[in-house]
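Colleague: Take a look at the following structure, please.
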Amino acid sequence: MNAVDEGRKVEAASTAATEQAEAVQSLYAKRVEIYPRAKIGDRLAWFQKWRWATVWITQIVFYGLPWLTWNDRQAVLFELVARRFYIFGLVLWPQDIVFLTGILIIAAFALFLFTAVGGRLWCGYACPQTVYTEIFMWIEKAFEGDRNQRMRLDREPMSPRKFARKAAKHVAWIAVALWTGYTFVGYFTPIRELGAEMVALQIGGWSAFWVLFYGFATYGNSGWMREQVCKYMCPYARFQSAMFDQDTLIVTYDEARGEPRGGGSRKKSRAELGLGDCVDCGLCVQVCPTGIDIRMGLQYECIGCAACIDACDHTMQKVGLPKGLVRYSTTNAVRNHLDSHAMWRRIFRPRVLVYSAFLLAITTALAVAMSLRVPLKVDLIRDRGALASETEDGRVENSYRMQVSNTTEARRAYTISVSGLPGLTVASETRFEVGPAAVASIPVRLLADAGQVTPGSHKIAVEVRADDDPGVAVRETTTFLGLRR
Amino acid sequence: MSDFTSVFWDYFVAIITVVSVVGCGVFLWSQSKRRVKVGAGPDPDTTGHVWDGDLQEFHNPLPQWWMWLFYITVVFSVVYLILYPGLGTQFKGMLNWTSSGQHQGEVKAAETRYGPLFASYLKMDVPAIAADERGRQMGARIFQNNCAQCHGSDGRGSRGFPNLTDSEWQWGGAPDAIRTSIVEGRKAAMPPMAAAVGGAQDVEDVAHYVLSLSGASHDSVRATRGKEKFAACAACHGPEGKGNPALGALDLTNKTWLYGGTVAAIAETITKGRAGVMPAWKGSLSDAEMHLVTAYVYSLANPGKAAASPPATK
């Protein structure tokens, strides 16, 4: 009995109930442990290989990236305190949040596109919840064995042997979880220093909290929660139906071919017995990480991991029937018996094309914006106290304060120039330096001849240009005020 | 709480809060089970809700631990209301927490952290701080927050607000004089002098004479006439118009003009008088902060004495 059936169970009300048999049903159900079977054949099955490939790729990137060095600093570091995001040669500032927005929009549209075409590809292969559950179940299998051994072990009373196995499993889980937490925090605080602090037991309070918090989340979600995260907590699982349509690739059971299911017999052929191709081996249910039976059709619990496809193909091969009784297909293809060519041609439907167009447009826009980005930010603010003042020699003076951010990692010299009014000059220092990835506040005083400036406001431009690269320049417009007499 | 002086509101808040918390618990308990008819009516596997004729809502129960999470939030709110003041002002909470208390704690923590730094600067004399890069920057930040509104972000002042970067000082430019200006504030009182000088023509004559003192262009005939009337001004500005820092009387022989250097502007000053006010900062700023600002202002007017330093860098 799976978790769903458990909840649907109707408890008989007290014997005093009238003939109108009323019963009380709980709206909450006890979770029933799922024991997904890992081993299908002697070797890794086809989609199993793909899942392990994404596990390796994502985890090599995740665990490895913080250890790379670039420009004598950590290559990828999100320094929240200093508000600088280093990604290899790129230094992002809070003002660059628009790039993060762009990346998030790209991620969202990529998710929409992949879901419209291939269903829950993200859930089945790339989602951290799936990936870490896969790793944790591999560890579990190493200590407790596969499905049947684990079920037997859990039924046994506690014994030294059982305790040792369980304890070893949890120690291994916690080790992986803590290393994950440590790596995660290592993206926000230099990972080597963090490691040294941890070894010396001098880790700061917040760093320790986040290492433990993220470690606990990994341990809890991958070790204990597993499919419940997908079923009850994940919002994406809930709004994916908006991206699905009749032509979305999903893991489907070919009901017309498979039913009626049955074991068959050695004496008579399946056709003689009136049986479909499903031999009812139950392997598809045993391997399912969410404990469902794919033969009941598309269900919200299905994360699209394709484990049941591997299992069914293995069985079909063994009994000498064609593969693909459970396969990636679309509702339309199964219902209307489309061949694979007709099914794939339906990829070019408006939904997919619109998602692709948005994805392409935003990716292009982001790439262009990134390449045109100038590593210099200038903010020019008029002094509010004084609008305009007169100098000893009768000229008109306006004061400003200029924030100059050098977003490169080298000390740089800049020169200020002004334009917009005849005879407008910079009375303060025109040349200044700003340290690497630093902000300087520069007072700027502009002078104009009284004869050239009529009372009121005049549009002018102040340009800041790097001395060593004329391409690095920012023009800021502001106003110059003439004196009222 | 001045709007809610009546005790009624304390009980109003407390009762609503308690009823809400208890209500949530009762609601949770009552909604965790349902009665279904067996045999007749809709399939117990569905909730009985049907939309669009055929769209049924299945009964998909949440896991049991999820319900306990809800009960934990109820327990949490009860514990929170016992510890913190969430039930009006009648019950202070067992921790006696207040927002002002937390603020004071943070101020105290900042004082223990930065106090020694400020104390070390309080011991240094003004020219030494002006030459010290960090001390100057600290002074600059205090200046930007408190002084720049009138004197400008570069300290160059504007009409009616003295320029602090030149060598002209209304009240004296020695470190002690600057500090007194900041600590005690200053009140300049140029009285309306029209009556003492004479008519409108006489006032303009004096204005021309004042312009002549600094070598600005003027009508020499009118200036000569004005010189006689200047005797009324000499009491404060001195017979030569050199001013008197003790009174805040400006030096009229230089080319800086606090209220404008045209005949019309000077005539207005003479006719109506001027009352410049620098507020006292004691009470608003600490001794060390005022000391640091003094050093910064000193460094503005004496750039040679302060070490040449790059602009403030964060």
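Line by line, the protein sequences give chains L and F. Residues in the first sequence are numbered consecutively from 426, following the numbering used here. Residues in the second sequence are numbered consecutively from 199, following the numbering used here. Just so it is clear, CB atoms sit at the ideal spot from N, CA and C, and this is done for glycine as well.
Within 8 Å of any Cβ in chain L, is that where the Cβ of Cys434 of chain F sits?
Modeller: Here residue 434 of chain F refers to the residue found at position 236 of the second sequence. Cβ-Cβ to chain L under 8 Å: no for Cys434 of chain F.
Colleague: Determine the closest residue to Gln574 of chain L out of L:Tyr460, L:Arg798, L:Asp670, with distance taken between C-alpha atoms.
Modeller: Translated into the one-based positions of the first sequence, residue 574 of chain L becomes position 149. The residue with the shortest Cα to Cα distance from Gln574 of chain L is L:Tyr460.
Colleague: Reducing DSSP to helix, strand and coil, say where Val869 of chain L ends up.
Modeller: Position 444 of the first sequence holds residue 869 of chain L. In this structure, Val869 of chain L counts as strand in the three-state DSSP scheme.
Colleague: Work out the CA separation of Lys743 of chain L and Gly466 of chain L for me, nearest whole Å.
Modeller: Taking the first residue of the first sequence as position 1, residue 466 of chain L is located at position 41. Taking the first residue of the first sequence as position 1, residue 743 of chain L is located at position 318. Spanning the two alpha carbons is a distance of roughly 10 Å.
Colleague: So, helix, strand or coil for Asn420 of chain L, using DSSP?
Modeller: Given that chain L is displayed from residue 426 to residue 910, the structure contains no residue 420 of chain L and the question cannot be resolved.
Colleague: Beta strand (DSSP E) containing Met827 of chain L: first to last residue?
Modeller: As a first step, residue 827 of chain L must be located in the first sequence, where it is residue number 402. 821 to 831 is the extent of the beta strand (DSSP E) around Met827 of chain L.
Colleague: Using a beta-carbon distance below 8 Å, is Ala898 of chain L in contact with chain F?
Modeller: For the purposes of this step, residue 898 of chain L is taken as the residue at position 473 of the first sequence. Output row for Ala898 of chain L: interface = no.
Colleague: Using the Cα positions of Leu849 of chain L and Gly458 of chain F, report the straight-line distance between them to the nearest angstrom.
Modeller: Reading the first sequence from its first residue, position 424 is the one you call residue 849 of chain L. Reading the second sequence from its first residue, position 260 is the one you call residue 458 of chain F. Answer to the nearest angstrom: the Cα atoms are 22 Å apart.
Colleague: Return the residues of the segment 863 to 894 of chain L that lie within a Cβ-Cβ distance of less than 9 Å from chain F, sorted by chain order.
Modeller: Listed by position along the chain: Ala863, Val864, Ala865, Ser866, Ile867, Pro868, Val869, Arg870.
Colleague: On a CA-only basis, which of F:Ala478, F:Arg377, F:Pro389 is nearest Cys431 of chain F? Give me that one, please.
Modeller: The residue you call residue 431 of chain F lines up with position 233 of the second sequence. The shortest Cα separation from Cys431 of chain F among F:Ala478, F:Arg377, F:Pro389 belongs to F:Pro389.
Colleague: If you reduce the DSSP assignment to three classes, tell me which class Ile841 of chain L lands in.
Modeller: For the purposes of this step, residue 841 of chain L is identified with residue 416 of the first sequence, where counting begins at 1. Note: Ile841 of chain L maps to strand in three-state DSSP.
Colleague: Asn294 of chain F by DSSP, collapsed to three states: which one?
Modeller: As a first step, residue 294 of chain F is located in the second sequence; it is residue number 96 there, counting from the start. If DSSP states are grouped into helix, strand and coil, Asn294 of chain F belongs with coil.
Colleague: How about Ser365 of chain F: is its C-beta nearer than 8 Å to some C-beta of chain L?
Modeller: Counted from its first residue, the second sequence places residue 365 of chain F at position 167. So no, Ser365 of chain F is outside the interface.
Colleague: Do you know offhand how far Glu581 of chain L's Cα is from Trp266 of chain F's?
Modeller: For the purposes of this step, residue 581 of chain L is taken as the residue at position 156 of the first sequence. For the purposes of this step, residue 266 of chain F is taken as the residue at position 68 of the second sequence. The straight-line gap from Cα to Cα measures roughly 28 Å.
Colleague: Please check the pair Ala886 of chain L and Arg900 of chain L, which I expect to be a contact at CB under 8 Å, by giving their CB distance rounded to whole angstroms.
Modeller: Locating residue 886 of chain L in the first sequence gives position 461, counting from the first residue. Locating residue 900 of chain L in the first sequence gives position 475, counting from the first residue. Indeed, because the Cβ distance is near 5 Å, the residues count as touching under 8 Å.
Colleague: Please report the residue range of the alpha helix (DSSP H) in which His435 of chain F lies.
Modeller: Taking the first residue of the second sequence as 1, we reach residue 435 of chain F at position 237. Here the alpha helix (DSSP H) through His435 of chain F covers 429 to 435.
Colleague: Contact check, Leu490 of chain F vs Gly370 of chain F under 8 Å by CB: the rounded distance?
Modeller: Within the second sequence, numbered from 1, the residue matching residue 490 of chain F stands at position 292. Within the second sequence, numbered from 1, the residue matching residue 370 of chain F stands at position 172. Actually they are not in contact, since the Cβ atoms of Leu490 of chain F and Gly370 of chain F sit about 19 Å apart, beyond 8 Å.
Colleague: On the criterion of 16 or more Cβ atoms from any shown chain inside 10 Å, does Gln653 of chain L qualify as buried, or is it exposed?
Modeller: In the first sequence, counting from the first residue as 1, residue 653 of chain L sits at position 228. The residue in question, Gln653 of chain L, is buried, as its Cβ has 16 or more Cβ neighbours within 10 Å.
Colleague: Going by beta carbon distance, what residues of the same chain come within less than 8 Å of Ala281 of chain F, once the five residues before and after it are set aside?
Modeller: In the second sequence, counting from the first residue as 1, residue 281 of chain F sits at position 83. A quick correction: the sequence has Leu, not Ala, at residue 281 of chain F. So the qualifying residues of the chain are Gly291, Met292, Leu293, Trp295.
Colleague: Counting along the chain, where does the beta strand (DSSP E) carrying Tyr511 of chain L start and finish?
Modeller: The residue you call residue 511 of chain L lines up with position 86 of the first sequence. Looking at the DSSP string, the run of the beta strand (DSSP E) that includes Tyr511 of chain L is 509 to 512.
Colleague: Note down, in chain order, every chain F residue with its Cβ under 7 Å from the Cβ of Val821 of chain L.
Modeller: Reading the first sequence from its first residue, position 396 is the one you call residue 821 of chain L. Result: empty, since nearest Cβ-Cβ is about 12 Å, beyond 7 Å.
Colleague: Which same chain residues, not among the five before or five after Leu409 of chain F, have their C-beta less than 8 Å away from its C-beta?
Modeller: By 1-based counting over the second sequence, the position of residue 409 of chain F is 211. Result list for Leu409 of chain F: Ser415, His416, Ala421, Gly459, Val461, Ile464, in chain order.
Colleague: Against chain L, with Cβ distances strictly below 8 Å, would Trp264 of chain F count as a contact?
Modeller: On the second sequence, position 66 is the one that residue 264 of chain F refers to. Output row for Trp264 of chain F: interface = yes.
Colleague: Let me know the secondary structure DSSP gives Gly549 of chain L once reduced to three states.
Modeller: The sequence position of residue 549 of chain L within the first sequence is 124, counting from 1. In this structure, Gly549 of chain L counts as helix in the three-state DSSP scheme.
Colleague: Looking at the structure shown, is Phe341 of chain F part of a helix, part of a strand, or coil, going by DSSP?
Modeller: If you number the second sequence from 1, residue 341 of chain F lands on position 143. In the structure shown, Phe341 of chain F sits in a helix (DSSP, three-state: H, G or I).
Colleague: When the Cα of Lys470 of chain F is compared with those of F:Gly441, F:Pro501, F:Ala444, F:Met391, which residue comes out closest?
Modeller: Counted from its first residue, the second sequence places residue 470 of chain F at position 272. Of F:Gly441, F:Pro501, F:Ala444, F:Met391, the residue nearest in Cα terms is F:Met391.
Colleague: Kindly indicate if chain F contains any beta-carbon less than 8 Å away from that of Ala811 of chain L.
Modeller: Here the question's residue 811 of chain L lines up with position 386 in the first sequence. So, interface residue.
Colleague: Secondary structure at Val495 of chain F, three-state DSSP: helix, strand or coil?
Modeller: For the purposes of this step, residue 495 of chain F is taken as the residue at position 297 of the second sequence. Residue state, collapsed to three classes: helix.
Colleague: Under 8 Å by Cβ, that's how I've got Thr677 of chain L and Ser765 of chain L pegged, so tell me the actual separation to the nearest angstrom.
Modeller: Taking the first sequence and counting its residues from 1, the one referred to as residue 677 of chain L is at position 252. Taking the first sequence and counting its residues from 1, the one referred to as residue 765 of chain L is at position 340. Actually they are not in contact, since the Cβ atoms of Thr677 of chain L and Ser765 of chain L sit about 13 Å apart, beyond 8 Å.
Colleague: Can you tell me the Cα-Cα spacing of Arg339 of chain F and Ala486 of chain F, whole angstroms?
Modeller: Taking the first residue of the second sequence as 1, we reach residue 339 of chain F at position 141. Taking the first residue of the second sequence as 1, we reach residue 486 of chain F at position 288. Cα-Cα distance, rounded: 13 Å.
Colleague: Do we get a CB-CB distance below 8 Å when we pair Leu906 of chain L with the residues of chain F?
Modeller: Taking the first residue of the first sequence as 1, we reach residue 906 of chain L at position 481. Leu906 of chain L does not count as touching chain F.
Colleague: Could you name each continuous beta strand (DSSP E) segment of 3 residues or more that falls completely within the segment 730 to 814 of chain L, going from the start of the chain to the end?
Modeller: Listed in chain order, they are 751 to 754, 801 to 807.
Colleague: Under 8 Å Cβ-Cβ, which residues of chain F neighbour Tyr453 of chain L?
Modeller: Locating residue 453 of chain L in the first sequence gives position 28, where the first residue counts as 1. The answer, in chain order, is Ser230, Pro259, Leu260, Pro261, Gln262, Trp264, Met265.
Colleague: Are Gln554 of chain L and Asn496 of chain L touching if we call contact CB-CB under 8 Å?
Modeller: Locating residue 554 of chain L in the first sequence gives position 129, where the first residue counts as 1. Locating residue 496 of chain L in the first sequence gives position 71, where the first residue counts as 1. No. Outside cutoff.
Colleague: In whole angstroms, what is the alpha-carbon distance linking Tyr644 of chain L and Gln724 of chain L?
Modeller: In the first sequence, counting from the first residue as 1, residue 644 of chain L sits at position 219. In the first sequence, counting from the first residue as 1, residue 724 of chain L sits at position 299. If I take the Cα positions, the gap works out to 27 Å.
Colleague: Quick check: what's the CA-CA separation for Ala448 of chain L versus Ala212 of chain F?
Modeller: The count along the first sequence starts at 1 and reaches residue 448 of chain L at position 23. The count along the second sequence starts at 1 and reaches residue 212 of chain F at position 14. Using only the alpha carbons, I get a separation of about 39 Å.
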